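Start counting at 1 in the sequence shown, then tack on 462, and there's your number in our numbering.
Notes for the one structure printed next.
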Amino acid sequence: MKASIAHISQLKTLIQAERDEEITQYEILLKKTTLAERKAKGVTWYPVIISDEEIGIGEQYIIKIEATTADNSIKHHFQSGQSAALFSNAFEGKDRPSLQGVIKKIYKKAIYLVVHTQQLPEWVLDGKLGLDLLYDEGTYKSMEQALDSVQAAKANRLADLRDIFVGKEQALFNRVLPVNNYPQLNKSQQAALNKISQANDIAIIHGPPGTGKTTTLIQAITHTLKTEKQVLVTAPSNTAVDLLTQKLAQKNISVVRLGHPARVNDTLLPLTLDAQISRHVDYKQLQQLRKDAIKLRQQAYKYKRVFGKEQREERKAALAEVRSMLQYARQLERYMMRDVLDKTQVITATLAGSASGLLKERTFETVFIDEAAQALEPATWIPILKCNRVVLAGDHCQLPPTVKSRTAQMGGLMVSLFETCMRNNRSAAVMLNTQYRMHQNIMQYSNASFYKKQLTAHTSVADKRLGAPNSSDMVNSPVNFIDTAGCGFTEMQNPKTLSTKNPQEGDLLLKYLGLLLQQLTDENLSTRKTLQIGIISPYKEQVIYLENALMEHSILQSYKTQISVNTVDGFQGQERDIIAISLVRSNDEGTIGFLSDTRRMNVALTRAKTKLIVVGDSATVASHKFYANMLQYFENINAYKSAWEFMY
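Next up, the structure:
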């Protein structure tokens, strides 16, 4: 017990270090830059106007802020759920007044801001308004509160789970529940479902790339609902939560998606709590109450030429009636929320979103946490507080949690609760071992490096190639490594972002990809029109270069709607027919920096279905054992090519 409490105490220290680092980065970004620089960075809108106001669910006072720019859309980093501050630049030489709030939703040129007042300050009338993105510590507060609860737990279910997760106690598997054999599941997927059914405490679905983790998880949730009235389903990101919500709805399972509607995929908006409340039988009554309250308040504050004692009393009485109307509206709204949540089978939310006050009094027998290997451990504890049993799904051999603080990284904050459980409770985990995504040659290096050669390519994909049997080697070879060693390509670092690019390597990658697509055109393969192509680099600076250079290639431009360019993180959970990777690093010292995170490279190497292209400098990357072995593997399968073959 002492060891588990000490572990939680250490996490609290690391989270504080991560919070401090974010605050430092925020101050550098916002407080030490000019208005023009902040606009360019996408963290400030200026100038803006207030074009509308309304009272939303929960008596939220919402102001609509519109940019006055002529552009139809603005590049920015604002997202719903973030904190922002309306400000005025009309007061030179004085402290700039501001009004803080939370972004509710965003459209092309409009942001809806929920502010903590129901009357705008007078300074907004002076104009020169703008909107700043603020550092938001809401998630940190939720994580710290969760850790406090975990640390303080004694002789209760939370204390039991804490000690099991850190390995002080062993998980039990003696529940006796009906287990069906589902024909759509393979042997390992069925074993994972059986493990979940038997688990008293925790169960783990270890899902390597392409092994059907989501399919298995959805079936496990469906199966659990045969014996449990309601479950909580969470994940670190909105994207992952949206996918689970969509899959569950397709199974005709009733689901409520918690979270700001602007962060939810448009197709899932009918499943949000707001949308389901709007369809409630009592919603029209609630709507009318709020409209009447706004109208009465506006009348109370209407300008009057004569304003004496009698008028003051009239206003006082009118405002009292407004408060009474809003109080009744709030009670009605709470009833509607509770009614909607009580009747649904599944509630979905992000890890941070599960801290919502809407779930304050609600507990669950089982919580399912997807992409758990990408989540900070303190965030993972937030939904666990509300349950008796935990099912984790993910892959600790892919992207780890994102941690900005060097101190927090060194202290172990990048180790997820999923990874800790895999180490301390091996009996709780089942690894899915049949992959349905990629050609076996694309799979095998990651299989050997991360999964102890336990993966098998399903017969439907094991030898699936890009072209017809008589296609050229360039088309049908599932893997190519283009070696730029000796070509004189040199990496370049952006002094401002400290990110790295290699323009010549990027140009070569695009040239090779163009040659490949030209051959597909020459061979008149009908599949070329449906091909989905991904271009990946671990470095943001190289991604930017490739995006710009792509526009100069006529062949590639004809495929522009089929090509996406992004970092490794941007491709997590995705797949493409063709993947081309630019490794970037090329230097005399053999320094590979970011590439040393081999789990990130595992993600990049396993996105391709039928063709994987890797471009890099063997003389540089081979200084690391992982890449030296990778190059040897490429040679063994005849995938190695010299860049000189494509230079002219």
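All residues carry an ideal CB built from backbone N, CA and C; glycine is no exception.
Predicted model only: the values in this text are computed from it and were never measured.
From the DSSP output, in three-state form, read off residue i for me.
{"i": "GLY996", "result": "strand"}
{"i": "THR523", "result": "Residue identity check: residue 523 is Tyr in the sequence provided, not Thr. Strand at TYR523."}
{"i": "LEU838", "result": "coil"}
{"i": "TYR790", "result": "helix"}
{"i": "CYS883", "result": "helix"}
{"i": "LYS571", "result": "coil"}
{"i": "PHE912", "result": "helix"}
{"i": "ARG719", "result": "strand"}
{"i": "ALA711", "result": "helix"}
{"i": "ILE1054", "result": "coil"}
{"i": "ARG851", "result": "strand"}
{"i": "MET954", "result": "strand"}
{"i": "GLN692", "result": "coil"}
{"i": "GLN562", "result": "strand"}
{"i": "THR1023", "result": "helix"}
{"i": "ASP832", "result": "coil"}
{"i": "THR530", "result": "coil"}
{"i": "VAL628", "result": "coil"}
Of the residues the options, which one's Cα is nearest the Cα of residue i?
{"i": "ALA779", "options": "ALA755, ASN636, GLY856, LEU733", "result": "ALA755"}
{"i": "SER911", "options": "LYS926, CYS859, VAL941, PHE540", "result": "CYS859"}
{"i": "LEU595", "options": "LYS571, LEU634, ASP610, ARG500", "result": "ARG500"}
{"i": "GLY950", "options": "SER1044, ALA529, MET1092, PRO965", "result": "PRO965"}
{"i": "THR959", "options": "LYS474, LYS503, GLN478", "result": "LYS503"}
{"i": "GLU693", "options": "SER699, THR684, ASN700", "result": "For the record, residue 693 in the displayed sequence is Val; it is not Glu. Nearest option by C-alpha distance: THR684."}
{"i": "ALA814", "options": "ASP925, GLY600, GLN789, ASN618", "result": "GLY600"}
{"i": "LYS411", "options": "ALA1011, ALA529, SER939, ILE680", "result": "Examination of residue 411 is not possible in this model, given that the chain is present from 463 through 1110 alone."}
{"i": "ASN903", "options": "ALA919, ALA1084, ALA890", "result": "ALA919"}
{"i": "ASP832", "options": "LEU733, PHE880, THR946, VAL865", "result": "PHE880"}
{"i": "ARG1062", "options": "SER786, SER1085, TYR1089", "result": "TYR1089"}
{"i": "LEU788", "options": "LYS757, ASP801, LYS771", "result": "LYS757"}
{"i": "LEU639", "options": "VAL784, ALA682, ILE565", "result": "ALA682"}
{"i": "GLN994", "options": "LEU803, ASP984, LEU979, GLU690", "result": "LEU979"}
{"i": "PRO509", "options": "ILE477, GLU515, GLU528, LEU971", "result": "GLU528"}
Can you tell me the Cα-Cα spacing of residue i and residue j, whole angstroms?
{"i": "ARG792", "j": "PHE826", "result": "26 Å"}
{"i": "VAL717", "j": "SER650", "result": "27 Å"}
{"i": "LEU1074", "j": "VAL1065", "result": "12 Å"}
{"i": "GLU1097", "j": "SER999", "result": "22 Å"}
{"i": "LEU794", "j": "VAL743", "result": "11 Å"}
{"i": "GLN760", "j": "GLN773", "result": "14 Å"}
{"i": "GLY976", "j": "THR677", "result": "35 Å"}
{"i": "ARG927", "j": "PRO671", "result": "19 Å"}
{"i": "GLU953", "j": "GLU1003", "result": "11 Å"}
{"i": "LYS571", "j": "ASN727", "result": "19 Å"}
{"i": "MET893", "j": "GLN708", "result": "24 Å"}
{"i": "ASN895", "j": "LEU917", "result": "5 Å"}
{"i": "ARG637", "j": "SER659", "result": "7 Å"}
{"i": "GLN807", "j": "ARG1038", "result": "34 Å"}
{"i": "ASN887", "j": "LYS1071", "result": "33 Å"}
{"i": "ALA1081", "j": "ALA924", "result": "31 Å"}
{"i": "ALA869", "j": "THR495", "result": "Per the sequence presented here, residue 869 reads as Thr, with Ala not at that position. When rounded, the distance between both Cα atoms is 26 Å."}
{"i": "VAL941", "j": "ASN932", "result": "17 Å"}
{"i": "LYS805", "j": "LEU705", "result": "22 Å"}
{"i": "SER699", "j": "SER471", "result": "26 Å"}
{"i": "GLN747", "j": "VAL829", "result": "35 Å"}
{"i": "LEU1018", "j": "LEU1057", "result": "27 Å"}
{"i": "THR734", "j": "ILE1040", "result": "35 Å"}
{"i": "TYR913", "j": "MET1013", "result": "39 Å"}
Per DSSP, residue i is paired with what?
{"i": "THR918", "result": "THR896"}
{"i": "THR506", "result": "ASP594"}
{"i": "MET905", "result": "MET905 pairs with nothing; no bridge assigned."}
{"i": "ARG1038", "result": "ALA1070"}
{"i": "HIS668", "result": "GLY856, MET893"}
{"i": "LYS746", "result": "In the DSSP output, where bridge partners are listed per residue, LYS746 has none listed."}
Taking buried to mean at least 16 other C-beta atoms within 10 Å of its own C-beta, is residue i buried or exposed?
{"i": "ALA811", "result": "buried"}
{"i": "ALA665", "result": "buried"}
{"i": "TRP507", "result": "buried"}
{"i": "SER1048", "result": "buried"}
{"i": "ASN643", "result": "exposed"}
{"i": "TRP1106", "result": "exposed"}
{"i": "ILE1160", "result": "The question about residue 1160 has no answer, for the chain in this structure spans 463 to 1110."}
{"i": "TYR974", "result": "buried"}
{"i": "HIS469", "result": "buried"}
{"i": "ASN656", "result": "buried"}
{"i": "LYS963", "result": "buried"}
{"i": "PRO840", "result": "buried"}
Taking 8 Å as the threshold (beta carbon to beta carbon), is residue i in contact with chain D?
{"i": "VAL718", "result": "Protein chain content of the structure displayed is limited to a single chain, and chain D is not contained in it."}
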